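These notes concern the structure reproduced below.
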Amino acid sequence: MTIRTAVSDRFELITVPRSRGVPSFADDVARGLNADPKQLSSKYFYDAVGSALFDAITRLPEYYLTAAEAQVLADWGWQMVRLLDAPVDFLELGSGSAIKTRLLIGEALRAQTQLCYSPIDISTEALRESSLALVEAYPGLRVRAYAGDYFDVLESHAVRLDRKTLAMLMGSNIGNYEPGEGRELLRLLGDALRPGDGLLLGADLKKDRATLELAYDDPAGVTAAFDRNVLARINRELNADFDVRNFTHVAHYDEARGSVDSFLEAREAAVVTLRSLNLQVRLAAGERIHTESSYKFTDDEIVALAATGGFAPAAAWHDRANRFAVHLLVRE
Ligand code: AVJ
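Set out below in structure tokens:
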């Protein structure tokens, strides 16, 4: 059950509803704050304020990931779109950062005259805005956008791929999934694609603790504000009374798991009331809420992860400082 809207002659929006049994924001928050240790899913960072803060993060010098990936695409994008025989269409998980997606779209439209770009994104507004700008900028481009959760959209079989497809999961977004979830996502993506289709997987590489922890705890405090915004969002949407200033942002690289974990740590003991949930939560002084895992990879780990979706390695590129990797994998 999907809803199709032809926004313009080159932009179609397909809305995929949540599948039954998938917890809502309210359910997830209630479960996470009742858990021990407490946790909140990083997917809830991205309301309008959180998305704007993330955008600011991508421009911080300490958060090298975005610039490193953009450099790989600027240097090697021409090769990425030509390694699968043209013509190809694009399927992107995420509506893409304007600059990076445009780089690849621009390269593809140099190799072929027509391109269909299919982004999947939870935010209908982000999709509408970026898609309208893209069809405006590229006369050879059609956009078929899917509004919904990646898992729901891929499981719904609503994704229609007419030609050979190059799928994209960029920005180290794969790093925000726990290993089991990441493998499940790649399995679903592998199922949606056909043999010979490709996957561009952008992932942050393992490196020294100091660089990683600084990237997730910048001195200007933008990442701290991004992390704390999830509490402000809970206050706004679930009628809660978190004293946001009582929480310190902590970023810690757990080398054994290969994850930079973000936490909100209560300075003083607190009692929080979430009126919409009819819930009271107690936090001890120093107690932490886990808010994000950002896994880091070796090239071999990226290849092994992709193998679970039926993908074989075809090529890989690093930025010039070897901080970030983009792999091209081919569905077998
Ligand atoms: C780009 C969404 C994967 O984990 O690096 C940035 C989000 N969190 N700073 C990441 C993020 C804190 C991010 N993703």
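Here the numbering used here is used: the first residue of the sequence shown is 1284, the next is one more, and so on. From the three backbone atoms N, C-alpha and C, an ideal C-beta is built for every residue, glycine too. Remember, predicted model here, so these are calculated numbers, not experimental data.
Where residue i sits in the DSSP three-state scheme
i	result
D1474	helix
I1405	coil
E1295	strand
Q1685	No answer is possible for residue 1685: it lies beyond the span of the chain, which begins at 1284 and ends at 1615.
Y1460	coil
S1414	helix
G1485	strand
Y1327	helix
D1537	strand
D1606	The sequence given here has Arg at residue 1606, not Asp. Three-state result, R1606: coil.
F1337	helix
D1311	helix
K1447	coil
L1366	coil
L1343	coil
R1303	coil
E1615	coil
F1594	strand
F1525	coil
A1553	strand
Residue i burial status per 10 Å Cβ neighbour count (16 or more: buried)
i	result
D1432	buried
E1295	buried
S1291	exposed
I1457	buried
V1281	This structure gives no information on residue 1281, because the portion of the chain shown stretches from 1284 to 1615.
T1396	exposed
E1352	buried
A1430	buried
D1368	exposed
M1363	buried
S1413	buried
S1559	exposed
S1307	exposed
V1355	buried
A1493	exposed
D1491	exposed
T1288	exposed
D1404	buried
I1517	buried
P1344	exposed
R1519	exposed
G1473	buried
A1523	buried
I1286	exposed
Beta-carbon proximity check, residue i vs residue j, cutoff 9 Å
i	j	result
K1321	V1564	yes
S1378	L1415	no
L1398	D1358	no
L1374	M1453	no
S1324	D1311	yes
R1477	T1448	yes
L1366	L1482	no
V1543	E1496	yes
F1328	E1575	yes
F1434	E1461	no
S1455	F1594	no
A1313	L1469	no
A1475	L1437	yes
G1389	Y1346	no
L1336	A1498	no
S1406	R1427	no
Y1578	G1463	no
Bridge partner(s) assigned by DSSP for residue i
i	result
R1571	E1548
P1502	Note: P1502 sits in no beta bridge, so no partner.
A1587	The partner list for A1587 (beta bridge, DSSP) is empty, contrary to what the question assumes.
Y1578	S1542
V1426	F1294, Y1400
Q1322	H1573
> How do the stretch 1577-1593 and the stretch 1477-1489 stand: do at least 3 beta-carbon pairs fall below 8 Å, yes or no?
Replying inline: yes
> Would the stretch 1296-1309 and the stretch 1427-1443 be scored as touching if the rule is three or more Cβ pairs under 8 Å?
Replying inline: yes
> Do three or more CB pairs link the stretch 1507-1516 to the stretch 1529-1539 at distances below 8 Å?
Replying inline: yes
> Is there contact between the stretch 1335-1342 and the stretch 1590-1606, where contact requires at least three CB pairs shorter than 8 Å?
Replying inline: no
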